[in-house]
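Counting in numbering that gives the first Met the number 0, the sequence shown runs from 0 upward without gaps.
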Amino acid sequence: MSAAFDGERLMTFGQCLRHILKEKNLSASALSRMMENKSRNSLFRILDDTSSPAAQEAFCEKLIRGNWLDLSTEQCQMLQRSLEISRVGIAGYRSNQAMRSMLSNVSTTRCDRSIMLDVVSKGERIAFDQQLAVYANARSVSVTITGCCERNLLFTLADGLLRGQNSEKVRITHYLCTGGDEIIRGVSAIQPLLYSCSYDVFCITPGTFSPEREQIYRSNVIVILWEDQQGVMHRHLISMVDRDVLMLIDNGCHQEMELIARLMQADQKYMYPLKSTFVLSHSPQDYLAYTAAFDDLERNRAIYTIKPDMCITFISPEILRQPVMEGFVQTDFTSTEELPPLIDAFADIHRRRFDNLYTKKKPTHAIFSAEAMERFARTGMQSDHFFAIRPYSPQERVLMLRHIRSHAEENPFFNIYFFKESFDPPKSEIGLYEGIGTLMLQPYTHYDLAAGHAEVLITQREFCQKYKEFFVRDLLERQVLPKEKTLGLLDHLIDIAQSDA
Numbered sequence: 000m001s002a003a004f005d006g007e008r009l010m011t012f013g014q015c016l017r018h019i020l021k022e023k024n025l026s027a028s029a030l031s032r033m034m035e036n037k038s039r040n041s042l043f044r045i046l047d048d049t050s051s052p053a054a055q056e057a058f059c060e061k062l063i064r065g066n067w068l069d070l071s072t073e074q075c076q077m078l079q080r081s082l083e084i085s086r087v088g089i090a091g092y093r094s095n096q097a098m099r100s101m102l103s104n105v106s107t108t109r110c111d112r113s114i115m116l117d118v119v120s121k122g123e124r125i126a127f128d129q130q131l132a133v134y135a136n137a138r139s140v141s142v143t144i145t146g147c148c149e150r151n152l153l154f155t156l157a158d159g160l161l162r163g164q165n166s167e168k169v170r171i172t173h174y175l176c177t178g179g180d181e182i183i184r185g186v187s188a189i190q191p192l193l194y195s196c197s198y199d200v201f202c203i204t205p206g207t208f209s210p211e212r213e214q215i216y217r218s219n220v221i222v223i224l225w226e227d228q229q230g231v232m233h234r235h236l237i238s239m240v241d242r243d244v245l246m247l248i249d250n251g252c253h254q255e256m257e258l259i260a261r262l263m264q265a266d267q268k269y270m271y272p273l274k275s276t277f278v279l280s281h282s283p284q285d286y287l288a289y290t291a292a293f294d295d296l297e298r299n300r301a302i303y304t305i306k307p308d309m310c311i312t313f314i315s316p317e318i319l320r321q322p323v324m325e326g327f328v329q330t331d332f333t334s335t336e337e338l339p340p341l342i343d344a345f346a347d348i349h350r351r352r353f354d355n356l357y358t359k360k361k362p363t364h365a366i367f368s369a370e371a372m373e374r375f376a377r378t379g380m381q382s383d384h385f386f387a388i389r390p391y392s393p394q395e396r397v398l399m400l401r402h403i404r405s406h407a408e409e410n411p412f413f414n415i416y417f418f419k420e421s422f423d424p425p426k427s428e429i430g431l432y433e434g435i436g437t438l439m440l441q442p443y444t445h446y447d448l449a450a451g452h453a454e455v456l457i458t459q460r461e462f463c464q465k466y467k468e469f470f471v472r473d474l475l476e477r478q479v480l481p482k483e484k485t486l487g488l489l490d491h492l493i494d495i496a497q498s499d500a
């Protein structure tokens, strides 16, 4: 690959086009004649990056369509990338790419690469899983991590320590440096641990400590303190040598590790907790408390959310009451005697949420997947359909869709969008509640509070700001259908639901 197309070199559109012309030994004037441009100066403005992003984009489309330069696929991709760099700048481009990677990186399975562990005292190499099995069999395990933002490593750690009942005896504390886009890449990497109540993560803003002290938190190290079945305490120091290779020191250094542990404990008051976690369990009362927590979260706030399909908040209490009543009975979520007061209490909370959504003078922006919404219109099942609510009938679907269609057209504070077909929608739900935090939900749990549903509120301000900038400047500006097409698609969804009625 030539240096011009090295992934590390980011160029504006003008810079990229100049480089391609140089490689092809063509002048700007020659290209202008080939393209039969009426104004040669317009091409020079594009090359100097003084024309508007819209003018550059139109020129790029014409250039690729006409194929005057016989561009390779790689060169076409680089030109498209350089358009984005010209539009948002190099820093904005890198942030957007990091955010896209994070949103698409929700797989719940490890990759095929194994993590290997070099045990210094034995002079042997073993699989990290093998050593984790030793810790998992302990009475208690305390893990301290600095750095180590490698997703496969953290998947391996989560698989080895937080499966089944193990999480009750495990405590993991993680320290992350969060300058610039590090926070986005950090959140992406820690997804395997993020939703566990056994996992705490703290952000260190660059400049908080001296460079020497900050380096402690940038080192890729795992310290594991564990008590074996005989009650003997052990301390292991594991250093990340490479992305798939660790080194274990299992003797000595105990005093040094103890001093560093005390230092970190004292430093926490200068750090920022990355998340707060909803602690959930399986009962109607917990579900009521959970719903009330969302009422507090949403109240009079601007919301920027990505969700596959219909939000429960968008559904009126009058429509929602019957599916909830029947679903709660069918799933034995509550007894028949407890049902009426529970439904009334749930309806009161939901009424507040519903009214707030459509009457608050702060915007709601929700981006859906057209494919997922069409599936909802046909089946009455949301992608993450609360397990104790029956599927919505065709008549209920029609009423829901008509209602949000009306508000999408007339209410300036209620905005619905659909991703373009060219954009691969995120698999999970994520939403910024401005002034509070960004909520991330583990996907495909069907909101079963007793079977793996988990969510966290990321409260780190820089992450929330970067998510909002990405949402507004990338998704809303580039990746969603215009309003006219959105309303037309909602009409199509209503027709689908009506055909089943």
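Quick reminder that beta carbons are idealized off the backbone N, C-alpha and C, glycines included.
Nothing here was measured: the structure is a model prediction, and the numbers come from that model.
Exposed or buried, which one is residue 231 when buried takes at least 16 other CB atoms within 10 Å?
So residue 231 counts as exposed.
How should residue 496 be labelled, buried or exposed, when 16 other C-beta atoms within 10 angstroms of its C-beta is the threshold for buried?
Under this definition residue 496 is a buried residue.
Considering only C-alpha positions, which residue in the set 305, 377, 314 and 375 is nearest to residue 418?
Comparing Cα positions, the closest option is 305.
Are there three or more Cβ pairs, one per stretch, closer than 8 Å when the region 327-334 is compared with the region 427-445?
Output reads no: the region 427-445 does not touch the region 327-334.
So is residue 589 buried or exposed if we call it buried at 16+ other beta carbons inside 10 Å?
Absent from the model: residue 589. The displayed extent of the chain is 0 to 500, so no value can be given.
Touching by the beta-carbon criterion (3+ pairs, under 8 Å), the region 303-322 and the region 343-352
Yes: the two stretches touch, three or more of their Cβ pairs being nearer than 8 Å.
7 Å Cβ shell around residue 283 - same chain, five flanking residues per side excluded
Only 332, 333, 337 and 341 meet the Cβ criterion.
Can you find the residues in the same chain that come closer than 6 Å, C-beta to C-beta, to residue 50, ignoring five residues on each side of it along the sequence?
44, listed in sequence order.
For residue 470, which of 422, 182, 404 and 364 has the nearest alpha-carbon?
Comparing Cα-Cα distances from residue 470 to each of 422, 182, 404 and 364, the minimum goes to 364.
Run the CB neighbour count on residue 223, radius 10 Å, all protein chains shown included, and call it buried at 16 or more, exposed below.
The residue is buried, with at least 16 neighbouring Cβ atoms inside 10 Å.
Out of curiosity, what's the CA-to-CA distance linking residue 88 and residue 474?
About 16 Å.
Go through its chain and collect everything with a Cβ distance to residue 46's Cβ below 8 Å, but skip five positions before and after it.
Cβ neighbours of residue 46 beyond the five flanking positions: 13, 16, 17 and 27.
Could you pull out every residue in the same chain whose Cβ sits closer than 7 Å to the Cβ of residue 353, ignoring the five residues on either side in sequence?
Cβ neighbours of residue 353 beyond the five flanking positions: 312, 315 and 316.
I'd like the list of long-range same chain contacts for residue 2, defined as Cβ closer than 6 Å, with 5 residues on each side in sequence excluded.
Low confidence applies to residue 2: its pLDDT is 38, below 50, so where it sits in the model is not reliable, and the reading given next is rough at best. Result list for residue 2: empty, nothing under 6 Å.
Buried versus exposed, by CB contacts within 10 Å (16 or more), residue 455
By the neighbour-count definition (other C-beta atoms within 10 Å, threshold 16), residue 455 is a buried residue.
Would you identify the three-state DSSP class for residue 224, choosing helix, strand or coil?
Looking at residue 224 - three-state DSSP - the assignment turns out to be strand.
Close-in-space but distant-in-sequence residues of the same chain around residue 31 (CB under 8 Å, 5 per side omitted):
Cβ within range, chain order: 39 and 42.
Output needed for residue 142: all residues of its chain with C-beta closer than 6 Å, excluding positions within five of it in sequence on either side, in chain order.
For residue 142, same chain residues with a beta-carbon under 6 Å away, outside a window of 5 residues either side, are 171 and 223 in chain order.
For residue 482, three-class secondary structure by DSSP
Residue 482 falls in the helix class under three-state DSSP.
Does DSSP classify residue 384 as helix, strand or coil?
The DSSP-derived three-state label of residue 384 is coil.
Kindly list the residues whose CB is nearer than 7 Å to the CB of residue 75, restricted to its own chain and excluding five residues on each side of it in sequence; keep chain order.
Taken in chain order, the residues that qualify are 63.
Going by DSSP, name the residue or residues bridged to residue 140.
DSSP lists 169 and 225 as partners of residue 140.
Using a Cβ-Cβ cut-off of 6 Å (strictly less than) and excluding sequence neighbours within five positions of residue 387, which residues of its own chain qualify?
Only 326, 327, 330 and 332 meet the Cβ criterion.
Compare the Cα-Cα distances from residue 183 to each of 468, 462 and 494 and report the closest residue.
That would be 462, whose Cα lies nearest to the Cα of residue 183.
Would you check if the region 476-496 and the region 391-408 touch, i.e. whether three or more CB-CB distances between them fall below 8 Å?
At 8 Å Cβ cutoff, the stretches touch.
Closest by CA to residue 197, which one among 466, 97 and 274?
Comparing Cα positions, the closest option is 274.
Closest to residue 425 by CA distance: which of 370, 376, 432 and 465 is it?
Taking only the C-alpha atoms, the option nearest residue 425 is 370.
Hey, is the region 186-193 in contact with the region 146-154, meaning 3+ C-beta pairs nearer than 8 Å?
Result yes; three or more Cβ-Cβ pairs closer than 8 Å.
With 16 other CB atoms within 10 Å as the buried threshold, where does residue 214 fall?
By the Cβ neighbour-count rule, residue 214 is exposed, with fewer than 16 other Cβ atoms within 10 Å of its own.
Can you name the start and end residues of the alpha helix (DSSP H) that residue 240 belongs to?
If you look at residue 240, you'll find it isn't in any alpha helix (DSSP H); it sits in the beta strand (DSSP E) that goes 232-241.
Secondary structure at residue 303, three-state DSSP: helix, strand or coil?
It is a strand residue.
Comparing C-alpha positions only, which one of 486, 359, 351 and 124 sits nearest to residue 247?
When each option's Cα is compared against that of residue 247, the closest is 124.
So is residue 86 buried or exposed if we call it buried at 16+ other beta carbons inside 10 Å?
So residue 86 ends up on the buried side.
Span separating the alpha-carbon of residue 511 from that of residue 427
Nothing can be reported for residue 511, as the shown portion of the chain is limited to 0 through 500.
What first and last residue would you give for the beta strand (DSSP E) that runs through residue 126?
Taken as a continuous stretch (DSSP letters only), the beta strand (DSSP E) holding residue 126 covers 123-126.
Residue 481, buried or exposed, once every other Cβ within 10 Å from all chains shown has been counted against 16:
The residue in question, residue 481, is exposed, as its Cβ has fewer than 16 Cβ neighbours within 10 Å.
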